[in-house]
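In our numbering, the protein residues as written are 19 to 304.
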């Protein structure tokens with residue numbers, strides 16, 4: 019009976035939080051509009067001004083930017099809740115910190131999917147109607163169904179890991195303005211040093227930067243996407259697409275197979291879940 023009551027409360031919380039988020043206009047700006055603009059700029063900068071060609075791994079990488087942004091914004095929502103009695107009331111109904119994370123995981127996946135759909139639609143439209151646009155529409159339609167599925171699953175993992183990173187950072191202080199500043203700085207560093215906005219074509223040539231990026235948990239999620247969408251798991255030449263060159267001699271290759279980044283991503287996620295379980299801050303209001 020007790021578990022049934024908790025399950026009912028969890029379902030109610032999921033419905034409530036999802037309803038709140040869908041009514042929040044800011045989440046659409048952060049998870050849809052900003053990623054669409056960023057992906058468009060990245061297509062243009064890398065495809066027109068630097069490498070002159072965008073390969074499939076980079077295209078899918080740009081599509082996944084929203085997965086990081088969703089985790090960032092949801093952490094700000096939780097920080098805002100901490101300044102009210104909202105979380106304390108939830109705790110009083112028998113909901114644990116991990117239950118809250120589970121509800122946020124579901125919403126992170128939902129908005130990550132929406133973000134990818136909009137960003138992919140933008141890419142498809144621009145490649146069809148702007149002949150000089152530096153990506154090929156065939157990269158989207160030629161990707162097999164299972165690559166799309168694995169890409170979506172990888173992006174969902176990225177959104178959850180991103181969420182846990184920013185939620186963990188949010189425990190540093192109860193001041194929402196300090197948390198906003200810290201999380202914004204962390205977002206900038208994370209996006210800059212994960213081989214997503216600065217693609218491996220550049221970082222593979224600068225070993226110091228490539229090694230420094232290993233401290234960024236989202237680098238591993240990005241490389242899962244790269245290794246899947248380049249078919250590296252069945253074709254050893256897929257790494258050439260990731261690095262945007264046929265000559266990889268002397269270049270620093272972060273990962274040759276998917277198992278290491280996948281293992282580390284899951285390990286990071288489990289570690290952060292344990293941290294949240296015991297150290298989650300419920301807010302400052304009584």
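C-beta atoms are modelled at their ideal positions from N, C-alpha and C, and glycine is treated no differently.
Assign residue i to buried or exposed, taking buried as 16 or more other Cβ atoms, counted over all protein chains shown, within 10 Å of its Cβ.
{"i": "residue 82", "result": "buried"}
{"i": "residue 79", "result": "buried"}
{"i": "residue 125", "result": "buried"}
{"i": "residue 35", "result": "buried"}
{"i": "residue 199", "result": "exposed"}
{"i": "residue 29", "result": "exposed"}
{"i": "residue 304", "result": "Interpretation of residue 304 is limited by its pLDDT of 42, a score under 50 that renders its predicted location unreliable; no figure is taken from the coordinates."}
{"i": "residue 93", "result": "buried"}
{"i": "residue 285", "result": "exposed"}
{"i": "residue 43", "result": "exposed"}
{"i": "residue 177", "result": "buried"}
{"i": "residue 229", "result": "exposed"}
Below 8 Å on the Cβ atoms is my guess for residue i versus residue j; work out the distance and round it to an integer in Å.
{"i": "residue 87", "j": "residue 38", "result": "Between residue 38 and residue 87 the Cβ distance is about 18 Å, and since that is not below 8 Å, they are no contact."}
{"i": "residue 18", "j": "residue 283", "result": "The first residue shown for the chain is 19 and the last is 304, placing residue 18 beyond what the model contains."}
{"i": "residue 72", "j": "residue 61", "result": "6 Å"}
{"i": "residue 32", "j": "residue 121", "result": "5 Å"}
{"i": "residue 260", "j": "residue 244", "result": "5 Å"}
{"i": "residue 238", "j": "residue 279", "result": "4 Å"}
{"i": "residue 106", "j": "residue 301", "result": "6 Å"}
{"i": "residue 288", "j": "residue 119", "result": "Contact flag wrong, Cβ pair sits at about 12 Å."}
{"i": "residue 197", "j": "residue 191", "result": "6 Å"}
Look at residue i and residue j and say whether their C-beta atoms are less than 8 Å apart.
{"i": "residue 211", "j": "residue 240", "result": "no"}
{"i": "residue 221", "j": "residue 231", "result": "yes"}
{"i": "residue 140", "j": "residue 57", "result": "yes"}
{"i": "residue 98", "j": "residue 225", "result": "no"}
{"i": "residue 299", "j": "residue 201", "result": "no"}
{"i": "residue 235", "j": "residue 179", "result": "yes"}
{"i": "residue 173", "j": "residue 130", "result": "yes"}
{"i": "residue 89", "j": "residue 24", "result": "no"}
{"i": "residue 204", "j": "residue 227", "result": "no"}
{"i": "residue 91", "j": "residue 128", "result": "no"}
{"i": "residue 142", "j": "residue 158", "result": "yes"}
{"i": "residue 252", "j": "residue 274", "result": "no"}
Under 8 Å, Cβ to Cβ, is there at least one residue of chain D near residue i?
{"i": "residue 199", "result": "The chain labelled as chain D is not found in the depicted structure, where only one protein chain is given."}
So within the region 102-147, which uninterrupted alpha helix (DSSP H) runs reach at least 4 residues, ignoring any that extend past its ends? Runs found: 104-110, 115-147.
Note down, one range per segment and in chain order, each beta strand (DSSP E) of at least 3 residues found wholly within the region 206-259. none
Threshold first: 4 residues or longer. Then list the alpha helix (DSSP H) segments lying entirely within the region 156-204, N to C. 156-159, 163-188
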